[in-house]
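In this note's numbering, the protein residues as written are -13 to 383.
One structure below.
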Amino acid sequence: MTQVKINNKFVNKFRNGYPHLFKEAIVDIDQLQEEGTIIDLVDQHDQFIGRGYYGRQNKGYGWLLTNDKDEKINQSFFIQKISAALARRSNFFASQVTTAFRVFNGEGDGIGGLTIDYYADYFLMTFYSDGIYQFKEIIVNAIQQLTVCKAIYEKKRFDTGGKYIDDDDFVTGERANFPIIIKENGIHFAVDLNDGPMTGLFLDQREVRQRILDQYAAGKTVLNTFSYTGAFSVYATMGGAEKTVSVDLANRSLPKTIEQFQVNDLDYTKHEIRTMDVFNYFNYAVKKQLTFDLVILDPPSFARSKKRTFSVAKDYVSLLTDAIAMTKDQGVIVASTNFSGFNIEKFKQMITKAFREVGEQYQFVETFQLPEDFRYHPQFEEGNYLKVVFIKKVANH
Ligand code: SAH
């Protein structure tokens, strides 16, 4: 155990349960040496504030786990947190129509740096620092003790020289024969927990996808940009869309999107799946005067392609101005971002700016943020990262 002195300014913040240990809060950063060390935060009189662990995650140095001086960070601590998280999701486990969801969401469930997802009897742990990775065995034991599970897989999302290490993600149990088919709102998805950093489906957009199916798809033409495996296109098609166009520059997107259509018995040949840069597609669509009833924008926070880098913070307004041009009057844009650097108010301001720039009228129709299984910590706003705004383009008169 190491004592870490906290800068006076921030002592109350941590006493009140703020979970994220950031650099400016720490008086002597050099004393932190080995990731995974249990640390006691103390004030300038060496009075106990809270206990946590040291782990480097982006700009962070670890997470506070308890403000109780007598609480030990051991196997029973992890069992208690994970079992509380499982209990909170009992309605998800009971669902017949949804078999993939988040079981444990980092600091929202009491342990920053760790998430656990459930994919139809398989569990996927994601470790966001080498520090939390030191607790892997304890976490695996807890999952095995508390659940019925066929196997456990892992993702290591921490600094390994800037590159995702694509090694075997199998941890324990009986190996799955991937892809496995999970259900979400009764729709099928092929997922693979042992093929790179992503699984084939982003679980946090479940409610947005369902909303598109229910309210926005019937009889419509849909442009799905940054489409990945085409999950939005599949939902729109299930909701009666006339046609979907999915655009993603990654080569894997084409076969993966075809697969998602096929596991739902949908004829993918009635749809377009394009392997290309979204911005090139926009140029092409403008030339061909293509417009759509529904345009979905769900870019990554940062992306580097051969010709350009895209960053949500710098480039979302111009992405929107392109999208507005491609949207029919009375059409709808679904603007989404998972960038944690600004909140939904700021995001709406960016949308307003884009519509002003092109001189078009709009209405905010509805917004979505994280679903219930992606529980977040009330004092850690960055954890509430998802922002999805449905915007209607209204005619200029
Ligand atoms: N909207 C998707 C998730 C997007 S993940 C879903 O709902 O499942 C981000 C995707 O953007 C990745 O598949 C990546 O290949 C793609 N991408 C990044 N930059 C791009 C660009 N300039 N043009 C097209 N696709 C891009």
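We put the beta carbon where it would ideally sit given N, CA and C, even for glycine.
Keep in mind the model is a prediction, meaning the values are calculated, not measured.
Residue span of the alpha helix (DSSP H) that contains residue i, given as start and end
i, result
"G117", "116 to 119"
"T307", "298 to 311"
"S384", "What the structure shows of the chain is the stretch from -13 to 383, and residue 384 is not part of that stretch, so it cannot be assessed."
"Q131", "122 to 132"
"T223", "217 to 224"
"F0", "-3 to 1"
Residue i: CB within 6 angstroms of a non-hydrogen atom of the ligand SAH
i, result
"F175", "no"
"D56", "no"
"S291", "yes"
"A203", "no"
"F212", "yes"
"A236", "yes"
"A217", "yes"
"V272", "no"
"V264", "yes"
"F376", "no"
"D145", "no"
"F354", "no"
"P357", "no"
"F188", "yes"
"D253", "no"
"D284", "yes"
Proximity winner among the options, relative to residue i (alpha-carbon distances)
i, options, result
"S62", "V126, Y104, G46, Q30", "V126"
"G369", "G94, K(-1), I25", "G94"
"Q30", "N266, F288, N(-6), Y302", "N(-6)"
"F141", "E123, L110, Q316, Q248", "Per the sequence shown, the amino acid found at residue 141 is Lys instead of Phe. Ranking the options by Cα distance to K141, first place goes to L110."
"S287", "V298, F278, D279, R294", "V298"
"E352", "F(-4), A321, R290, Y270", "A321"
"N382", "R342, L372, P357, F360", "R342"
"E123", "S81, I65, K256", "I65"
"N266", "E258, F175, K293, V281", "K293"
"D315", "D284, L179, L280", "L280"
"L305", "G98, T207, I337", "I337"
"F175", "V375, A128, M224, A203", "M224"
"K378", "D359, A309, E367, I330", "A309"
"P5", "A80, P241, L51, D155", "L51"
"I168", "R161, D155, L189, T158", "L189"
"T133", "D178, A73, G117", "A73"
Limits of the unbroken beta strand (DSSP E) element including residue i
i, result
"I168", "166 to 170"
"N210", "207 to 211"
"N91", "86 to 91"
"F113", "108 to 113"
"T338", "Run containing T338: none in the beta strand (DSSP E); it sits in the alpha helix (DSSP H), 330 to 344."
"K141", "137 to 142"
"Q347", "347 to 354"
"L100", "100 to 105"
"I97", "Unbroken run through I97: none, as it is neither H nor E."
"K379", "373 to 380"
"G48", "46 to 52"
"F156", "156 to 159"
"Q(-11)", "-12 to -9"
Counting only runs that start and end within the stretch 226 to 257, where is the beta strand (DSSP E) found for 3 or more residues in a row? Correct list: 229 to 234.
Runs of beta strand (DSSP E) wholly within the stretch 8 to 33 (minimum 3 residues, chain order): Within the stretch 8 to 33, the complete beta strand (DSSP E) runs of at least 3 residues are 24 to 28.
Identify every run of the alpha helix (DSSP H) within the stretch 266 to 299, keeping only runs that are complete inside it and at least 4 residues long; order them along the chain. For the stretch 266 to 299, not a single whole alpha helix (DSSP H) run of length 4 or above is found.
Could you tell me which whole alpha helix (DSSP H) segments of length 4 or greater appear in the stretch 170 to 203? Listed in chain order, the complete alpha helix (DSSP H) runs (minimum 4 residues) inside the stretch 170 to 203 are 192 to 197.
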